[in-house]
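Data first, discussion second: the structure below is written as structure tokens.
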Amino acid sequence: MHTHPNARLTPVSRERLVRRHIQDAEPLAHLAAQAGISLRTAYKWLSRYRSGGAAALVDRRSVRRSQRRTLDPQHLQRAVAMRHERSTLRRIARLLALPLSTVGRTLKAMGLGRLKHLQPPVPVRRYQWARPGDMIHVDIKQLARFDRVGHRITGDRRLGRSAGAGYEKAHVAIDDATRLAYAEVLPDEKQATTVGFLIRAVAWFGRQGIECRRVLSDNGSAYRSKPWRQACEALGLSAKRTRPYTPRTNGKAERFIKTLLNEWAYGLSFQSSEERNRWLSRYLAIYNGRRCHMALAGRTPFQQLGLLRATE
Numbered sequence: 003m004h005t006h007p008n009a010r011l012t013p014v015s016r017e018r019l020v021r022r023h024i025q026d027a028e029p030l031a032h033l034a035a036q037a038g039i040s041l042r043t044a045y046k047w048l049s050r051y052r053s054g055g056a057a058a059l060v061d062r063r064s065v066r067r068s069q070r071r072t073l074d075p076q077h078l079q080r081a082v083a084m085r086h087e088r089s090t091l092r093r094i095a096r097l098l099a100l101p102l103s104t105v106g107r108t109l110k111a112m113g114l115g116r117l118k119h120l121q122p123p124v125p126v127r128r129y130q131w132a133r134p135g136d137m138i139h140v141d142i143k144q145l146a147r148f149d150r151v152g153h154r155i156t157g158d159r160r161l162g163r164s165a166g167a168g169y170e171k172a173h174v175a176i177d178d179a180t181r182l183a184y185a186e187v188l189p190d191e192k193q194a195t196t197v198g199f200l201i202r203a204v205a206w207f208g209r210q211g212i213e214c215r216r217v218l219s220d221n222g223s224a225y226r227s228k229p230w231r232q233a234c235e236a237l238g239l240s241a242k243r244t245r246p247y248t249p250r251t252n253g254k255a256e257r258f259i260k261t262l263l264n265e266w267a268y269g270l271s272f273q274s275s276e277e278r279n280r281w282l283s284r285y286l287a288i289y290n291g292r293r294c295h296m297a298l299a300g301r302t303p304f305q306q307l308g309l310l311r312a313t314e
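Residue numbers for the sequence shown, in the working numbering: 3 to 314.
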């Protein structure tokens, strides 16, 4: 018999305690206080004594009372085969007469817990248009207005929020071949606002010597509108849209927005959203003229533009 070295009572003392409660009707709380143990522990010894007598009062080994079931190789092979046939875990467990928890745990450990894991990953298709202006990617990102430094910078959420400040929209346009980018923070993403941004973006690219030929957007309402199509026709642009639910098709705009948030909107400390917006033009100058891009072999967008012009 092994007694835990930190145990307050020996098996004999435990038996004496429960007998005094059962035979002499002494309150268990009083007996527990005398013995220097909690009332919960006293009830534990009482319960064990009633179920197994004095023999049950010895310390038990601190191991699992039961061991998890595992699947034998034959059942495992059948379960994996059925899972690849897209059978549900419940159906596999029922047909193999096995516990659902065992089947689920085993297949999850093998990376087969969800049916979507059976599908091969979508291959990454990277492309880059050869000439500047062949494709301009556009997108919109919502930004919050604020009138104090936020928790992203201070790390303190107790300071409260800029209640009722609302939101603004960051409209972005990026050239596929050179990664030259243009952006504005505008009050909304309505049709007139979005069309106005497109006109100014095409004009800005024109000042850089880029003739825009195509524009790629997602399926937002403004991009599907008649004013957008009319503006594209007037500007000589072929309007393209991504396939529904496939934002990766417009990946260059998505990636630029992520960079914009990390290095400008959330990467610097601003006292207000107005100050943040004033810094946008400065950041774009750095992005286009000084920031190197791995996708451009370490060149900046303006350097890439010069290189492509030289090879035309």
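Yeah, the Cβ is synthetic: ideal placement off N, Cα and C, and Gly gets one too.
A quick note: this is a predicted structure, and the numbers were derived from the prediction, not measured.
| Check | Outcome |
| --- | --- |
| Sub-8 Å separation of K110 and I259 beta-carbons | no |
| Start-to-end residues for the beta strand (DSSP E) that takes in K192 | Unbroken run through K192: none, as it is neither H nor E. |
| Backbone CA spacing between Q76 and S53 [nearest angstrom] | 40 Å |
| Backbone CA spacing between E235 and V174 [nearest angstrom] | 20 Å |
| Nearest-angstrom beta carbon gap, S275 and E186 [assumed within contact, 8 Å] | Not quite, the Cβ-Cβ distance comes to about 14 Å (not below 8 Å), so this is no contact. |
| Endpoints, the beta strand (DSSP E) within which R133 is located | Careful: R133 lies outside any beta strand (DSSP E) and carries neither H nor E. |
| Chain-order list of residues whose beta-carbon lies under 7 Å from that of R147 (same chain, five-residue window excluded) | S164, A167, G168, Y169, E170 and S275 |
| Buried versus exposed, by CB contacts within 10 Å (16 or more), P303 | buried |
| Whole-angstrom distance between Y184 and K176, CA atom to CA atom | According to the sequence as given, residue 176 is Ile; it is not Lys. Taking the straight line joining both Cα atoms gives about 6 Å. |
| Sequence-distant residues of the same chain with beta carbon closer than 8 Å to E191, five excluded per side | I142, K171, H173, G222 and A224 |
| Check whether V140 and V82 have beta carbons under 8 Å apart | no |
| C-beta atoms of L298 and R181 nearer than 8 Å | yes |
| Endpoints, the beta strand (DSSP E) within which S227 is located | Counting along the chain, S227 falls outside any beta strand (DSSP E), and DSSP gives it neither H nor E. |
| Host beta strand (DSSP E) of A111 (start-end) | Taken as a continuous stretch (DSSP letters only), A111 belongs to no beta strand (DSSP E), being part of the alpha helix (DSSP H) at L102 to A111. |
| Top-ranked residue by Cα proximity to A194, from R226, R63, I288 and R215 | R226 |
| Rounded separation between N149 and I288 - CA only | Here residue 149 turns out to be Asp, not Asn, going by the sequence shown. In a straight line, the C-alpha of D149 is about 26 Å away from that of I288. |
| N- and C-terminal bounds of the alpha helix (DSSP H) containing D26 | P13 to D26 |
| L310 and P134 closer than 8 Å at C-beta | yes |
| Exposed unless 16 or more other CB atoms sit within 10 angstroms - verdict on D220 | buried |
| Same chain, Cβ closer than 7 Å to L117, neighbours up to 5 away in sequence not counted | R88 |
| Option nearest G308 by Cα separation, candidates R63, A179, A37 and Y129 | A179 |
| Residue of V60, A241 and V105 minimising C-alpha distance to R80 | V105 |
| Nearest neighbour of A37, chosen from E265, P13, A57 and L239 [CA to CA] | P13 |
| Cutoff 8 Å; reference R292; Cβ partners in own chain excluding five residues on either side | T302 |
| Whole-angstrom distance between R243 and M84, CA atom to CA atom | 40 Å |
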